[in-house]
Amino acid sequence: MRLPRRVPWAHVGELDQVCSWIYADENDIDAKVLAVNRLASWRAITSLPHALESTHALLTAMLQETALQGQGSSSYLSLRQSYATAVIRLVNGLVDPLQLGAYARSINSIAAQLGLPAWLVELRHAATHEDLPSIDVLREAARQAMTWLLHNYFLPTLNPSVPSASQLQRPALRSPSPFLKQYKALAKATARDASLAIKYKHDIARILREVERWIAEAKVAAPVAATAWDDIDSDEGDEGDARERWALERFADALLGKGALVPLSKKKRILSNEPLHPSPFILNIWTPLLAHLQSLHPNLAAVLVTKAVSHLTSEEQITQTTDADVVMLDAEEDKQRRDASYDRCVAGWAKWLVDTYGSKIDDDFEDGDTDLNRADVVSKLVAALGPTRTVSGTREKIAQELLRALSKGHHALETASSLVLSLPTPTSSSTWQEADIQLMHGRLSQLLSLHTGPSAVGTNDATEDVDATPETNTDPASRLPPGWRKLSRDEGWKPSPIGAFVHCVAA
Numbered sequence: 003m004r005l006p007r008r009v010p011w012a013h014v015g016e017l018d019q020v021c022s023w024i025y026a027d028e029n030d031i032d033a034k035v036l037a038v039n040r041l042a043s044w045r046a047i048t049s050l051p052h053a054l055e056s057t058h059a060l061l062t063a064m065l066q067e068t069a070l071q072g073q074g075s076s077s078y079l080s081l082r083q084s085y086a087t088a089v090i091r092l093v094n095g096l097v098d099p100l101q102l103g104a105y106a107r108s109i110n111s112i113a114a115q116l117g118l119p120a121w122l123v124e125l126r127h128a129a130t131h132e133d134l135p136s137i138d139v140l141r142e143a144a145r146q147a148m149t150w151l152l153h154n155y156f157l158p159t160l161n162p163s164v165p166s167a168s169q170l171q172r173p174a175l176r177s178p179s180p181f182l183k184q185y186k187a188l189a190k191a192t193a194r195d196a197s198l199a200i201k202y203k204h205d206i207a208r209i210l211r212e213v214e215r216w217i218a219e220a221k222v223a224a225p226v227a228a229t230a231w232d233d234i235d236s237d238e239g240d241e242g243d244a245r246e247r248w249a250l251e252r253f254a255d256a257l258l259g260k261g262a263l264v265p266l267s268k269k270k271r272i273l274s275n276e277p278l279h280p281s282p283f284i285l286n287i288w289t290p291l292l293a294h295l296q297s298l299h300p301n302l303a304a305v306l307v308t309k310a311v312s313h314l315t316s317e318e319q320i321t322q323t324t325d326a327d328v329v330m331l332d333a334e335e336d337k338q339r340r341d342a343s344y345d346r347c348v349a350g351w352a353k354w355l356v357d358t359y360g361s362k363i364d365d366d367f368e369d370g371d372t373d374l375n376r377a378d379v380v381s382k383l384v385a386a387l388g389p390t391r392t393v394s395g396t397r398e399k400i401a402q403e404l405l406r407a408l409s410k411g412h413h414a415l416e417t418a419s420s421l422v423l424s425l426p427t428p429t430s431s432s433t434w435q436e437a438d439i440q441l442m443h444g445r446l447s448q449l450l451s452l453h454t455g456p457s458a459v460g461t462n463d464a465t466e467d468v469d470a471t472p473e474t475n476t477d478p479a480s481r482l483p484p485g486w487r488k489l490s491r492d493e494g495w496k497p498s499p500i501g502a503f504v505h506c507v508a509a
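Numbering (the numbering used here), first residue to last: 3 to 509.
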């Protein structure tokens with residue numbers, strides 16, 4: 003769970019007021035002075051988000067230009083430096099937090115994902131390494147930077163339900179399947195002929211860099227309800243990074259698809275002799291990639307196992323049809339849904355990941371420091387296969403087999419899983435059976451027998467004292483259903499309104 007994030011404003015109305023001071027009237031210098039003073043007071047209280055720091059620097063430079071008007075061109079050197087510094091810090095503060103991972107990405111590609119104008123990146127490079135741009139160019143850069151901050155920070159922060167402009171203009175995330183296919187082809191060749199490992203070494207390294215770049219792009223494209231500089235540049239690490247988990251989940255979907263961890267051919271999905279264990283040939287292909295990514299992203303194994311368990315414990319979806327339209331299932335999707343070999347291969351990878359990257363566990367469920375532990379996976383399977391389970395058929399049997407394999411050798415886990423594995427298979431029919439009806443008739447007869455004694459049958463006189471009949475008072479317990487008895491006041495019973503619970507303790 004993400005911890006609360008400290009903000010400098012007491013309520014969002016204060017941020018709205020600052021936004022109106024800055025953008026309501028471009029020529030209102032007094033309002034901009036109020037905004038600069040408010041931002042300065044906030045900065046004295048706590049550290050500002052990068053967007054507000056950049057806003058403060060840009061506004062200060064604009065006010066400095068207003069104060070220098072009429073003093074000659076010699077005064078504009080310090081103004082050009084102020085503008086250039088503000089633009090440089092804006093671009094660096096947006097791009098640097100996204101330069102994570104083993105391989106660096108180009109600043110232009112990150113800026114494109116953020117929707118930042120490309121020429122601001124070029125201006126940042128020129129102001130840092132080349133001649134200082136002119137005052138006209140820097141003034142226009144500051145104006146466009148302020149517009150970008152309005153549409154990508156102020157408005158999304160004031161109204162989180164509205165997507166930012168960069169999210170609307172953001173290019174679609176490309177699929178990782180092409181370079182996974184390239185990796186599979188190279189790894190398969192080296193697995194069959196070890197002498198090709200040196201030949202394809204650089205090609206495989208290039209694909210690994212491509213995978214890291216894709217994960218970095220996916221982190222930027224993650225639909226997380228936070229701005230890029232507030233969410234990624236946090237102190238919570240990978241465990242609290244919702245963007246990285248979202249990126250790993252998209253990559254896990256591609257890995258668990260047909261043609262990746264699960265071969266296209268059914269014959270190649272046959273597991274090894276060990277229960278639910280991928281074949282050695284498949285492991286030789288994909289182990290280097292998984293080991294490389296696991297070293298850089300410790301959450302990958304846990305995300306893959308979670309995706310696999312969710313697939314095995316999900317009920318097959320049935321397409322609904324209407325009188326007007328007949329919806330035809332896609333042949334390949336329907337084939338995959340009913341493909342038991344696919345489910346068994348996914349279960350085999352889940353067990354292998356837990357055995358390889360899961361934390362060590364003893365009978366007291368004391369887990370290690372890793373993100374993936376066996377007890378959590380078993381708990382998910384137990385919850386999904388419990389009395390309220392919806393999964394059935396072949397997929398249920400495979401999930402039960404995975405539960406047995408993960409619990410084997412761990413006494414506490416075997417005890418917990420045996421309670422679920424011993425449950426009877428629920429009947430799929432929701433209609434009443436003849437035996438159920440007979441049982442209900444028997445219970446109804448027992449209840450009716452309480453009021454059908456010799457004194458009650460045929461009695462229509464409302465004034466007749468039923469309690470005076472010897473048959474109704476002599477042995478009331480004999481007329482109760484089996485397992486029931488009537489309490490007396492001596493046993494602590496006392497009358498109370500219907501619906502009120504009174505805890506009575508017998509004397």
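Every residue, glycine too, gets a C-beta built ideally from N, C-alpha and C.
Apart from the five residues just before and just after residue i, which ones in its own chain have a Cβ nearer than 6 Å to its Cβ?
i    : result
R252 : A220
A69  : none
Q184 : I209
A262 : L182
E238 : Note that E238 scores 42 on pLDDT, short of 50, meaning its location in the model is unreliable; the coordinates nonetheless yield the value given after this. Cβ within range, chain order: n/a, list empty.
Less than 8 Å between the CB atoms is what I'm expecting for residue i and residue j, so what's the real figure, rounded?
i    : j    : result
L302 : L295 : 5 Å
V123 : I109 : 6 Å
A256 : L355 : Not confirmed; about 16 Å, so no contact.
V14  : L160 : 6 Å
Q66  : S43  : So it is not a contact: roughly 19 Å between Cβ atoms.
V38  : L61  : 5 Å
V311 : K399 : Going by Cβ atoms, the distance from V311 to K399 rounds to 15 Å, so no, they are not a contact pair.
Can you have a look at residue i and say buried or exposed, based on whether 16 or more other CB atoms are within 10 angstroms of its CB?
i    : result
H58  : buried
K353 : buried
I287 : buried
W216 : buried
R126 : buried
E368 : Note on E368: pLDDT 44, under 50, position unreliable in the model; the coordinate value appears next. Exposed, because fewer than 16 other Cβ atoms sit within 10 Å of the Cβ of E368.
H204 : exposed
G350 : buried
V97  : buried
P499 : exposed
D438 : exposed
H299 : buried
M442 : exposed
D27  : exposed
L446 : exposed
Span of the alpha helix (DSSP H) holding residue i?
i    : result
G350 : 342 to 359
F181 : 179 to 194
S447 : 436 to 450
D492 : It is not in any alpha helix (DSSP H) - D492 carries neither H nor E in the DSSP assignment.
N94  : 78 to 97
G15  : 14 to 25
S381 : 376 to 386
R487 : Run containing R487: none; DSSP gives neither H nor E here.
E132 : It is not in any alpha helix (DSSP H) - E132 carries neither H nor E in the DSSP assignment.
V222 : 203 to 223
S424 : Here S424 belongs to no alpha helix (DSSP H), and DSSP marks it neither H nor E.
S274 : Element bounds for S274: n/a, residue is neither H nor E.
L175 : Here L175 belongs to no alpha helix (DSSP H), and DSSP marks it neither H nor E.
N286 : 282 to 298
P158 : 157 to 160
Using C-beta distances below 8 Å, list every residue in its chain close to residue i, excluding the 5 sequence neighbours before and after it, in chain order.
i    : result
H313 : L258, D345, V348
G388 : V422, L425
V380 : L405, L408, S409, L415, A418, S419
Please list, in chain order, all residues of the same chain as residue i whose beta carbon is under 7 Å from its beta carbon, the five residues on each side excluded.
i    : result
T130 : I90
R82  : L134, I137, L140
A304 : D373, L374
L278 : A349, G350, K353, E403, L404, A407
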